[in-house]
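Undergrad: Residue numbers (this note's numbering): 1 to 216. Questions regarding the structure given below will be posed in turn.
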């Protein structure tokens, strides 16, 4: 975990692969580390999958936690992701709308064809930034805006269309690299001042990311 910004009511961090946004019986969470570093109780506002890297915001008091949670619900808190996806894109941009079912026992999300108990609607928009290949496999770099926040949403929706995230063996990727999914930008209203705060990261270095323009 790398600290990006620490203010009175919140902290923005750059999460590393393997770190978790909430503690588990086996592992301490980022809020525990932030509490030690800042001396303030840290609260999880949103979650990133353990193998996903990039930006996440945590609240450092109850009022900030309530404000940021409201923004997450009403859409004021926005997130964009960057991913390396397998295959050749059919379009330069688009929107996916699906019904998703989360199988907690298998820790996997599925696109399904009809509504039933446990099924939730999911939507995202994407823009293709570059195409290339990695080890002979066609890949493309995309920016993705989540319109809903479902578990494994990006991974499941793209895999359903035969474009798994590179390195995502759970969803069918054949490329053996760390999961190529990054929380690339984050924007929200400062819970104390109301000022709009914007944070962004460049393309990660190494592995499959390296076949694209790292200056973006």
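All residues carry an ideal CB built from backbone N, CA and C; glycine is no exception.
How is residue 170 classed by DSSP in three states: helix, strand or coil?
TA: Position 170 of the chain shown holds residue 170. DSSP places residue 170 in helix when its eight states are reduced to three.
Undergrad: Which whole runs of the alpha helix (DSSP H) in the stretch 161 to 215 are 4 residues long or more, in chain order?
TA: Listed in chain order, there is nothing to give.
Undergrad: Applying the criterion that 16 or more other CB atoms from any shown protein chain within 10 Å of the CB defines a buried residue, is residue 25 buried or exposed?
TA: Along the chain shown, read from residue 1 onward, the residue named residue 25 stands at position 25. Looking at its Cβ environment, which holds fewer than 16 other Cβ atoms inside 10 Å, residue 25 is exposed.
Undergrad: Can the beta-carbon of residue 87 be found closer than 7 angstroms to that of residue 163?
TA: Within the chain shown, numbered from 1, the residue matching residue 87 stands at position 87. Within the chain shown, numbered from 1, the residue matching residue 163 stands at position 163. Going by C-beta atoms, residue 87 is nearer than 7 angstroms to residue 163.
Undergrad: Hey, how far is the Cα of residue 40 from the Cα of residue 114?
TA: Stepping through the chain shown from its first residue, residue 40 is reached at position 40. Stepping through the chain shown from its first residue, residue 114 is reached at position 114. Straight-line Cα distance between these residues: approximately 45 angstroms.
Undergrad: Along the alpha helix (DSSP H) that carries residue 61, what are the first and last residues, could you check?
TA: In the chain shown, residue 61 corresponds to position 61, counting from 1. Premise fails: residue 61 is in no alpha helix (DSSP H) and is neither H nor E.
Undergrad: In this structure, how does DSSP classify residue 76 when only helix, strand and coil are distinguished?
TA: The residue you call residue 76 lines up with position 76 of the chain shown. In the structure shown, residue 76 sits in coil (DSSP, three-state: anything other than H, G, I, E or B).
Undergrad: Could you tell me whether the Cβ atoms of residue 34 and residue 17 are closer together than 7 angstroms?
TA: Indexing the chain shown from 1 puts residue 34 at position 34. Indexing the chain shown from 1 puts residue 17 at position 17. No, the Cβ-Cβ distance between residue 34 and residue 17 is not below 7 angstroms.
Undergrad: Pull up the distance between the alpha-carbon of residue 208 and that of residue 166, whole angstroms please.
TA: Within the chain shown, residue 208 is the residue found at index 208, counting from 1. Within the chain shown, residue 166 is the residue found at index 166, counting from 1. The alpha-carbon atoms of residue 208 and residue 166 are separated by roughly 8 angstroms.
Undergrad: Measuring alpha carbon to alpha carbon, tell me which of 53, 61, 49 and 132 ends up nearest residue 204.
TA: Here the question's residue 204 lines up with position 204 in the chain shown. If we check each option's Cα against that of residue 204, 53 comes out closest.
Undergrad: If you follow the beta strand (DSSP E) that residue 14 is part of, which residue opens it and which one closes it?
TA: Along the chain shown, read from residue 1 onward, the residue named residue 14 stands at position 14. Per DSSP, residue 14 belongs to the beta strand (DSSP E) from 10 to 15.
Undergrad: For residue 103, write down the residues that DSSP places opposite it in a beta bridge.
TA: Position 103 of the chain shown, counting from 1, holds the residue named residue 103. BP columns for residue 103 point to 108.
Undergrad: If we count the other Cβ atoms within 10 Å of its Cβ and call it buried at 16 or more, is residue 210 buried or exposed?
TA: Sequence index remark: in the chain shown, residue 210 carries index 210 (1-based). Flag for residue 210 reads exposed.
Undergrad: Quick check: what's the CA-CA separation for residue 174 versus residue 168?
TA: Counted from its first residue, the chain shown places residue 174 at position 174. Counted from its first residue, the chain shown places residue 168 at position 168. Cα to Cα, the separation comes out at about 8 angstroms.
Undergrad: My output table needs one value for residue 98: the three-state DSSP class, helix, strand or coil.
TA: On the chain shown, position 98 is the one that residue 98 refers to. Three-state result, residue 98: strand.
Undergrad: Going residue by residue through the stretch 123 to 165, where are the continuous alpha helix (DSSP H) segments of at least 4 residues, counting only ones entirely within it?
TA: If we require 4 residues or more, the alpha helix (DSSP H) runs fully inside the stretch 123 to 165 come out as 153 to 160.
Undergrad: Ordered along the chain, which non-local residues of its own chain (more than five positions away) have a Cβ less than 8 angstroms from that of residue 157?
TA: As a position in the chain shown, residue 157 is number 157, starting the count at 1. Correct list, in chain order: 96, 98, 100, 111, 122 and 124.
Undergrad: With respect to the beta strand (DSSP E) encompassing residue 3, which residues constitute its N-terminal and C-terminal limits?
TA: Start at 1 with the first residue of the chain shown, and residue 3 comes out as number 3. Note, residue 3: beta strand (DSSP E), 2 to 6.
Undergrad: Measure the CB-CB distance between residue 171 and residue 155 and report whether it falls below 7 angstroms.
TA: Taking the chain shown and counting its residues from 1, one reaches residue 171 at position 171. Taking the chain shown and counting its residues from 1, one reaches residue 155 at position 155. In this structure, residue 155 lies closer than 7 angstroms to residue 171 by Cβ.
Undergrad: Quick check: the Cα distance between residue 4 and residue 201, rounded to an integer number of angstroms?
TA: Here residue 4 is taken as the residue at index 4 of the chain shown, counted from 1. Here residue 201 is taken as the residue at index 201 of the chain shown, counted from 1. If you take the alpha carbons of residue 4 and residue 201, they lie about 10 angstroms apart.
Undergrad: Look up residue 35 in the DSSP assignment and say whether it is helix, strand or coil.
TA: One-based indexing of the chain shown puts residue 35 at position 35. Helix.
Undergrad: With a Cβ-Cβ cutoff of 7 angstroms, do residue 37 and residue 15 count as a contact?
TA: Here the question's residue 37 lines up with position 37 in the chain shown. Here the question's residue 15 lines up with position 15 in the chain shown. Taking 7 angstroms as the Cβ cut-off, residue 37 and residue 15 do not qualify as a contacting pair.
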